Amino acid sequence: MEVKENIISILVNNKPDVLARISGTLSGRGFNIESISANVTKDPARTKIIITTLGSKATLAKIIKQIAKLVDIIAVEDLTGRKAIRREMFLVRLNWGQEGRKEKIAALVEKKKWKLLCADDETCILEISGENGALLAEVMELNELGLEDFTRTGVVALERC
Amino acid sequence: MKISGAQILFKVLEAEGVEVIFGYPGGAVIGIYDEMTRQKIRHILVRHEQGAIHAADGYARASGKVGVCLVTSGPGATNTVTGIANAYLDSIPVVIFTGQVPTPLIGSDAFQEVDITGITRPCTKHNYLVRNIAELGKVVHEAFRIAQSGRPGPVLVDLPKDIMQTEIDEANLDINGGYSYEERLPTTAEIDEVVRLFGAAQKPLLFSGGGVILAKASLELRRLAKTLRAPVTSSLMGLGAFPAASPLWLGMPGMHGTYAANMALCHCDLLIGVGVRFDDRVTSKVEAFAPNARIIHIDIDPVSIDKIVNSHLALNCDAKSALAILDERLIATGFQPSPTVAVWLEQIQDWKKEHPLGYRKGGAIKPQFVVEKLCELSGGKAIVATEVGQSQMWAAQFFSFDEPNCFLTSGGLGTMGFGLPAAIGAQVAYPERLVIDIAGDGSIQMNIQELGTAVESNLPVKIAIINNGFLGMVRQWQEIFYQKRYSHTELPKTPDFVKIAQAYGAKGLRAQREEEVEAIIEEAFATDGVVVMDFIVAPEEGVYPMVKPGAPLDEMDFGTVAAGEKTNRKEKREAGEGGDDPRARAFN
């Protein structure tokens with residue numbers, strides 16, 4: 023049974039406890055949530071929630087059915103695979119005080135088109151975004167360059183053109 | 007013209023056709039109760055909020071309408087949680103109104119404040135905390151829509167006290183819009199495929215459940231069974247949708263199901279499941295369930311389809327429409343069942359004769375005998391509510407149900423204490439009918455205070471206590487799996503149920519010998535009032551047949567009753583004489 027990362031896009035009515043209901047339904051039935059991102063869409067009465075979850079195809083089908091039957095759900099889509107454009111953003115804090123690090127980091131920022139948001143002698147904060155699959159690996163490589171901490175948005179996705 | 011929140015509530019209840027509320031007052035709902043004095047709606051005062059929710063539930067199961075209950079905040083609300091989970095698992099349409107502290111106090115750990123929407127989120131179909139007066143009418147209206155549509159279920163509406171006292175201009179009142187539900191009908195292609203499978207079947211079996219009763223599809227089920235010439239079995243929740251008196255009736259399958267029903271499941275080649283969810287009490291060992299059958303699953307809830315059992319073909323739609331369309335198509339195309347179906351039906355009759363439900367008479371009163379007598383003397387006209395455990399199983403086995411909405415039992419959650427308040431709710435729906443609660447001595451004590459409700463509100467329910475001095479079903483498992491180590495399952499001889507009945511102003515009757523049973527029941531049924539019948543029965547009687555958890559359905563234990571021992575009145579009609587059957591395994 024192949025376990026992979028799935029992305030589900032859920033369009034819901036913008037009501038107070040919709041998010042609580044969705045996450046409760048998943049956790050209550052033993053499904054896991056790897057990441058979750060929720061915000062209003064172009065229509066302020068509607069919210070889009072993107073969830074990534076690990077599981078087989080059969081598990082994913084059950085998850086989608088459980089979510090689809092909740093009140094306030096307008097649509098549920100499986101965006102796993104090629105069908106979607108996915109992005110995630112990391113804010114990363116590096117300790118670049120050590121000899122040689124500043125130059126290496128500056129070079130990486132230039133090459134990968136990351137953004138340097140703020141800096142002092144000891145630390146800097148980078149904004150790194152991209153397709154989430156490879157991104158985590160890239161960020162973890164920064165361990166050698168003084169990676170201290172990071173925070174992630176979670177995956178957002180839209181169906182491909 | 008100004009209208010208050012409380013008035014809006016009653017206005018919407020009236021528009022929804024609500025005739026009765028089951029409830030219990032408190033601080034957070036005192037304003038609503040005051041408004042109630044100026045309203046026509048009937049209110050049944052219970053003695054515990056759990057009684058209110060179970061009564062609303064029983065009312066809904068018996069009548070097919072939405073049950074409504076009203077309780078206060080804090081402990082009043084939390085006292086309904088068991089009943090809400092009960093309604094959720096059995097898919098019963100109820101709307102629960104809970105009072106809440108005023109909106110500025112929410113979240114401050116105020117007196118009698120709980121986050122009831124948070125607590126009940128996993129066990130309600132949906133719930134609401136009303137945030138302002140403008141949305142109150144809409145929310146209540148929507149709650150009723152959601153409770154009844156698709157797969158029914160409980161909806162909770164939390165009403166902050168200040169909002170119920172706020173006033174708006176009646177001209178601004180808008181209750182429409184919001185939730186809508188689109189019914190799905192089966193496609194022509196789906197119907198074609200089902201009909202093709204019907205034609206190819208040599209050993210068809212119809213398996214109907216609670217969903218058929220909720221869909222009000224009993225008539226459509228009967229018609230289809232007749233057209234198909236298919237035998238019918240039904241889960242606990244579906245009993246009554248198909249008449250037990252019919253020769254096509256197999257009895258209930260599963261852990262305590264009949265031999266014939268379980269054998270039919272094991273040998274059928276086409277299983278048509280309608281409004282069932284393939285619960286573990288029926289399927290037992292899932293890998294060995296209906297091993298020779300293609301399964302057609304007709305269910306309104308897509309989540310149920312392929313959840314436990316893989317279907318060959320699934321129709322995700324309303325049972326009533328599906329059964330009607332199928333029957334119409336079969337008749338229109340001149341459907342004839344395969345000639346081998348006649349052989350299958352003969353096999354079915356043989357199975358029914360081989361191991362009819364039975365028990366050994368003699369000695370103390372047998373619980374099965376009590377249930378048989380209740381059935382016989384009620385003339386098949388009673389509404390029967392049950393508690394949970396051995397008494398529930400004996401009721402399901404030995405009471406014959408020929409009509410739907412007559413068997414009110416907590417199937418999914420298995421809630422002891424459900425029966426008495428549910429019987430009360432059913433009696434409210436049908437004041438003229440005989441309503442019986444079949445209880446055990448353990449279960450009856452869980453909501454015994456509702457005797458007060460029944461007496462005071464003139465709801466003449468008849469309570470039959472199968473009193474064996476044990477928490478019977480657990481005792482049976484301790485006998486089978488734990489070498490009779492009866493850990494805390496022996497119940498004391500107290501209380502004296504006859505005296506308790508009398509203390510509440512009801513009639514109390516007791517039978518201690520088999521010869522007394524019939525007279526007690528006759529007296530109870532002839533009494534115009536609440537009656538408690540205390541039947542002192544054999545203490546260690548077991549529910550049989552039994553399929554052990556995880557065993558395939560054809561591995562049934564029959565207890566100590568030998569095959570062919572015709573003690574069951576129901577089967578005496580059709581049974582022939584049988585010899586000793588080597589498959590009957592004497593117990594221990």
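Heads up: the protein sequence lines correspond to chains A and B, in order. Be aware that the first sequence starts at 23, since it is given in this note's numbering, and climbs by one per residue. Be aware that the second sequence starts at 7, since it is given in this note's numbering, and climbs by one per residue. Note that the Cβ used here is the ideal one computed from N, Cα and C, for glycine as well. Please read all numbers here as calculations on a predicted model, not as lab measurements.
GLY448/B to PHE476/B span [Cα, whole Å]: In the second sequence, counting from the first residue as 1, residue 448/B sits at position 442. In the second sequence, counting from the first residue as 1, residue 476/B sits at position 470. Rounded to whole angstroms, GLY448/B to PHE476/B spans 7 angstroms at the Cα level.
Contact with chain B by GLY50/A, beta-carbon distance below 7 angstroms: By one-based count along the first sequence, residue 50/A stands at place 28. Output row for GLY50/A: interface = yes.
Residues bridged to ALA106/A (per DSSP): Taking the first sequence and counting its residues from 1, one reaches residue 106/A at position 84. Per DSSP, GLU181/A.
Test item: CB-CB of ASP168/B and THR109/B under 7 angstroms: In the second sequence, counting from the first residue as 1, residue 168/B sits at position 162. In the second sequence, counting from the first residue as 1, residue 109/B sits at position 103. Yes, the pair counts as a contact, with Cβ atoms nearer than the cut-off.
Host alpha helix (DSSP H) of PRO373/B (start-end): Counted from its first residue, the second sequence places residue 373/B at position 367. Per DSSP, PRO373/B belongs to the alpha helix (DSSP H) from 373 to 383.
Distance, ILE30/A Cα to VAL441/B Cα: Position 435 of the second sequence, counting from 1, holds the residue named residue 441/B. Position 8 of the first sequence, counting from 1, holds the residue named residue 30/A. Rounded to the nearest whole angstrom, the C-alpha separation of VAL441/B and ILE30/A is 50 angstroms.
DSSP state of PHE165/B mapped onto helix, strand, coil: Position 159 of the second sequence, counted from the start, is the residue given in the question as residue 165/B. In the sequence on display, residue 165/B carries Leu and not Phe. The three-state secondary structure of LEU165/B, taken from DSSP, is strand.
Secondary structure of TRP118/A, DSSP reduced to three states: For the purposes of this step, residue 118/A is taken as the residue at position 96 of the first sequence. Note: TRP118/A maps to coil in three-state DSSP.
Three CB pairs or more closer than 8 angstroms across the stretch 367 to 378 of chain B and the stretch 460 to 468 of chain B: no
Residues, ordered as in the chain, of the stretch 30 to 61 of chain A that lie near chain B by beta-carbon distance below 8 angstroms: PRO38, ASP39, ALA42, ARG43, GLY46, THR47 and GLY50
Neighbouring residues, chain A, relative to PRO128/B (Cβ below 7 angstroms): On the second sequence, residue 128/B is found 122 positions in, with the first residue counted as 1. Those within 7 angstroms of PRO128/B in chain A are GLY46 and GLY50.
Within chain B, partners of GLN88/A - CB distance below 8 angstroms: Translated into positions along the first sequence, residue 88/A becomes position 66. Under the 8 angstroms cutoff, chain B gives VAL309.
Cβ shell of GLU56/A (< 7 angstroms), same chain only, five flanking positions each side left out: Translated into the one-based positions of the first sequence, residue 56/A becomes position 34. Contacts found: GLU27, THR74, THR75 and LEU76.
Of the residues LYS499/B, ILE450/B and GLY159/B, the one placed nearest ILE307/B, counting alpha carbons only: On the second sequence, residue 307/B is found 301 positions in, with the first residue counted as 1. In the sequence under discussion, the amino acid at residue 307/B is Asp, which differs from the Ile named in the question. The shortest Cα separation from ASP307/B among LYS499/B, ILE450/B and GLY159/B belongs to GLY159/B.
For ASP286/B, the nearest candidate out of SER241/B, HIS318/B, ALA299/B and PHE248/B (CA to CA): Here residue 286/B refers to the residue found at position 280 of the second sequence. Across the set SER241/B, HIS318/B, ALA299/B and PHE248/B, the C-alpha of SER241/B shows the shortest separation from the C-alpha of ASP286/B.
C-beta neighbour in chain B for LYS137/A, strict 7 angstroms: Sequence index remark: in the first sequence, residue 137/A carries index 115 (1-based). No, because no Cβ of chain B sits closer than 7 angstroms to the Cβ of LYS137/A.
Beta carbon proximity, HIS132/B to chain A, threshold 7 angstroms: Here residue 132/B refers to the residue found at position 126 of the second sequence. By this cut-off, HIS132/B is an interface position.
Run of the beta strand (DSSP E) containing TYR134/B, from where it starts to where it stops: Working through the second sequence from its first residue, we reach residue 134/B at position 128. 132 to 135 is the span of the beta strand (DSSP E), which, as asked, contains TYR134/B.
Residues of the stretch 90 to 119 of chain A whose Cβ lies closer than 9 angstroms to any Cβ of chain B, in chain order: So the list reads ALA90, LYS91, LEU92, VAL93 and ASP94, given in the order they occur along the chain.
Exposed unless 16 or more other CB atoms sit within 10 angstroms - verdict on VAL536/B: If you number the second sequence from 1, residue 536/B lands on position 530. Flag for VAL536/B reads buried.
Proximal residues to PHE248/B (C-beta, below 7 angstroms), its chain only, five neighbours per side dropped: By one-based count along the second sequence, residue 248/B stands at place 242. SER214, LEU227, ARG228, ALA231, VAL238, SER240 and TRP255.
Secondary structure of VAL200/B, DSSP reduced to three states: Here the question's residue 200/B lines up with position 194 in the second sequence. Helix.
DSSP three-state assignment for VAL72/B, whether helix, strand or coil: Mapped onto the second sequence, residue 72/B falls at position 66. Coil.
MET562/B burial status per 10 Å Cβ neighbour count (16 or more: buried): Along the second sequence, read from residue 1 onward, the residue named residue 562/B stands at position 556. With a 10 Å radius around the Cβ and a threshold of 16 neighbouring Cβ atoms, MET562/B comes out buried.
Beta-carbon proximity of GLU3/B to LEU329/B, cut-off 7 angstroms: For chain B, the structure presents residues 7 to 594; residue 3/B sits outside this window and is missing.
Local conformation of ILE442/B per DSSP, three classes: Locating residue 442/B in the second sequence gives position 436, counting from the first residue. If DSSP states are grouped into helix, strand and coil, ILE442/B belongs with the strands.
Contiguous beta strand (DSSP E) assignments of at least 3 residues, all confined to the stretch 34 to 112 of chain B: List check, beta strand (DSSP E) in window: 48 to 51, 73 to 77 and 100 to 106.
Residue(s) in a DSSP beta bridge with THR69/A: The residue labelled residue 69/A in the question sits at position 47 within the first sequence. DSSP lists VAL34/A and VAL62/A as partners of THR69/A.
Buried/exposed call for VAL62/A, threshold 16 Cβ in 10 Å: Numbered from 1 along the first sequence, position 40 holds the residue referred to as residue 62/A. VAL62/A comes out exposed.
Beta bridge counterpart(s) of THR173/A as assigned by DSSP: Locating residue 173/A in the first sequence gives position 151, counting from the first residue. The partner list for THR173/A (beta bridge, DSSP) reads LEU113/A.
Minimum C-alpha distance to GLY3/B - residue among ALA429/B, TYR134/B, GLN118/B and ASP408/B: Here chain B comprises residues numbered 7 to 594, so residue 3/B is not present and cannot be evaluated.
Outcome for LYS576/B when other beta-carbon atoms lying within 10 angstroms are tallied against a minimum of 16: One-based indexing of the second sequence puts residue 576/B at position 570. Residue confidence is low: LYS576/B scores 42 on pLDDT, short of 50, so the model does not pin down where it sits. No coordinate-derived value is stated.
Exposure label - CYS146/A; buried when at least 16 CB within 10 Å: Taking the first sequence and counting its residues from 1, the one referred to as residue 146/A is at position 124. So CYS146/A counts as buried.
Beta carbon of LYS91/A nearer than 7 angstroms to that of LEU33/A: Locating residue 91/A in the first sequence gives position 69, where the first residue counts as 1. Locating residue 33/A in the first sequence gives position 11, where the first residue counts as 1. For LYS91/A and LEU33/A, no; Cβs fall outside 7 angstroms.
Residue interval of the beta strand (DSSP E) (run including ASN473/B): Taking the second sequence and counting its residues from 1, one reaches residue 473/B at position 467. For ASN473/B, the enclosing beta strand (DSSP E) stretches over residues 468 to 473.
C-beta contact flag for SER397/B and ILE444/B at 7 angstroms: Here residue 397/B is taken as the residue at index 391 of the second sequence, counted from 1. Here residue 444/B is taken as the residue at index 438 of the second sequence, counted from 1. Judged by their CB atoms, SER397/B and ILE444/B are nearer to each other than the 7 angstroms cut-off.
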